[in-house]
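Q:
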Amino acid sequence: MITYNTKDWFTFIFHFHKSDTVRKLLPIMIAIGIYAAIIGYLEVEYFKVSKNDYIHNIPIMHGMLGFVISLLLVFRTNTAYDRWWEGRKLWGQLVNNSRNFSIKLSAILKDENDKKFFRKYIPMYADILHKHLKDEDTSKQLFEDVDLEIDHHKHKPNQLKKIIYHKINDLYEAKKITGDQLITLNDELVAFTDICGACERIKNTPIPYSYSAFIKKFIFFYTMTLPFGYSVSLGYLVAPVVVFIFYVLASLELIAEEIEDPFGDDENDLPTKKISENIKKHVEELI
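So for the sequence shown, my numbering puts the first residue at 44; every next one is plus one.
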């Protein structure tokens, strides 16, 4: 995750980081600029289009469609951010769940070997979940007719949860914990799987293909028709204007694509590795 000062405006404006949309869009922005300049030249210099020609009224269409495309992009960005924020809340729950589980066990357990076991395996769950969510195969598990390597292996977070649960049950059978204490610990045990399942839901359920594809096509054709309506009014200035409009619209879509999967490797994705390391530190302090 990028560390920054929210109040430092000049850094935001003039600093270009690795995931900045300008870097990603630069080739297509150059192509669109050349395209817009060619259209402007043909209309103004070759075809001698004037303000009395019907083609000059095309901006009326852009005005009507501009409202529609703005609504679509707002919905797209909000939906992506909701997924990012839900992922952050889930990992926040994992932190608190690990803490609560450790606090209860620190009061219940007396044997140092038992404490050592949980000191190792509670933070290990967060680390395994981090690696599980980073696996690209996890994001494709709902795809049809796809043979994934991950499907031929056991679900690692489930296997680790199974080991922890068996250990708790062994402690109960050994009379090291009571039935009431077993019930008390059950909420945290259940929460581990609930959090894992919710994270997998975000990871392997992308925005519907038809919706994402429609927005990209809409932005492309909207931008490609801009030079026809504005060349007469702007002349050769139509090229930078069209490039800027495309940059704004496409950047919103790129930002949404980046944050809709909060468990990836992009700079703006959640620091799950750091969170898992913090869980390890907290558990070792408590038990």
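For every residue, glycine included, the Cβ atom is placed at its ideal position computed from N, Cα and C.
Where does Ser392 sit, in a helix, a strand or coil, going by DSSP?
A: Nothing about residue 392 can be reported from this structure: the residues present for the chain run from 44 to 330 only.
Q: Using the beta-carbon count (16 or more within 10 Å), is Lys204 buried or exposed?
A: Buried.
Q: Can you tell me whether Thr64 is helix, strand or coil according to DSSP?
A: Helix, per DSSP.
Q: Just the C-alpha distance for Thr120 and Ser113, rounded to the nearest angstrom, thanks.
A: Distance between the alpha carbons of Thr120 and Ser113 is about 11 Å.
Q: For Asn140, count the other beta carbons within 10 Å of its own beta carbon; 16 or more makes it buried, fewer makes it exposed. Which is it?
A: Asn140 comes out buried.
Q: Give the range of the alpha helix (DSSP H) segment to which Ile322 is assigned.
A: Element bounds for Ile322: 315-329.
Q: Run through DSSP, which three-state label would His105 get?
A: Helix.
Q: So, is His196 buried or exposed, given that buried needs 16 or more other C-beta atoms within 10 angstroms?
A: Classification for His196: exposed.
Q: Let's see if you can read the secondary structure: which residues bound the alpha helix (DSSP H) around Ala234?
A: 222-247 is the extent of the alpha helix (DSSP H) around Ala234.
Q: Quick one: which unbroken alpha helix (DSSP H) runs of 4-plus residues sit fully inside the stretch 140-210? Chain order, please.
A: Those alpha helix (DSSP H) runs which fall completely within the stretch 140-210 and span 4+ residues are 155-177.
Q: Rounding to the nearest angstrom, what Cα-Cα distance links Val275 and Leu176 in this structure?
A: Spanning the two alpha carbons is a distance of roughly 52 Å.
Q: Would you kindly check if the distance between the Cβ of Leu297 and the Cβ of Leu108 is under 9 Å?
A: In this structure, Leu297 does not lie closer than 9 Å to Leu108 by Cβ.
Q: Under 6 Å Cβ to Cβ from Tyr164, same chain only, skipping five residues before and after it: list those, please.
A: Same-chain partners within the cutoff: Ile207.
Q: Suppose you measure from the CA of Lys218 to the CA of Lys316; what does that come to, to the nearest Å?
A: One C-alpha to the other measures close to 36 Å.
Q: Inspect the CB distances between the stretch 297-314 and the stretch 231-241 and report whether three or more fall short of 8 Å.
A: Cβ pair count under 8 Å is below three, so no.
Q: Mapping DSSP to helix, strand and coil, what is Gly307?
A: Here Gly307 sits in coil by DSSP.
Q: How big is the Cα-Cα spacing for Tyr124 and Gly130?
A: Their Cα atoms are separated by approximately 10 Å.
Q: Quick one: what's got a C-beta closer than 7 Å to Met72's C-beta in the same chain, skipping five residues either side?
A: Here the set comprises Val286, Phe289, Tyr290.
Q: Count Cβ pairs between the stretch 167-186 and the stretch 209-223 that sit closer than 8 Å; are there 3 or more?
A: Flag = no, the stretch 167-186 and the stretch 209-223 do not touch.
Q: Nearest CA to the CA of Thr122: which residue from Glu328, Tyr254, Leu269?
A: The shortest C-alpha separation from Thr122 is found at Tyr254.
Q: Since Ser145 and Ile330 are thought to touch, with beta carbons under 8 Å apart, how far apart are those beta carbons, to the nearest angstrom?
A: Indeed they touch by this definition, with Cβ atoms about 5 Å apart.
Q: Look at the alpha carbon of Tyr89 and the alpha carbon of Pro283, and state the distance between them as a whole number of angstroms.
A: Their backbone Cα atoms lie some 21 Å apart in a straight line.
Q: Buried or exposed: Val281, going by 16 or more other Cβ atoms within 10 Å of its Cβ?
A: Its Cβ being crowded by 16 or more others within 10 Å, Val281 is buried.
Q: Considering only their Cβ atoms, is the gap separating Arg142 from Val326 smaller than 9 Å?
A: Cβ atoms of Val326 and Arg142: closer than 9 Å.
Q: Please go through the same chain and pick out, in chain order, the residues whose beta-carbon is closer than 6 Å to the beta-carbon of Tyr273, but skip the five residues on each side of it.
A: Excluding positions up to five away in sequence, the list reads Val281.
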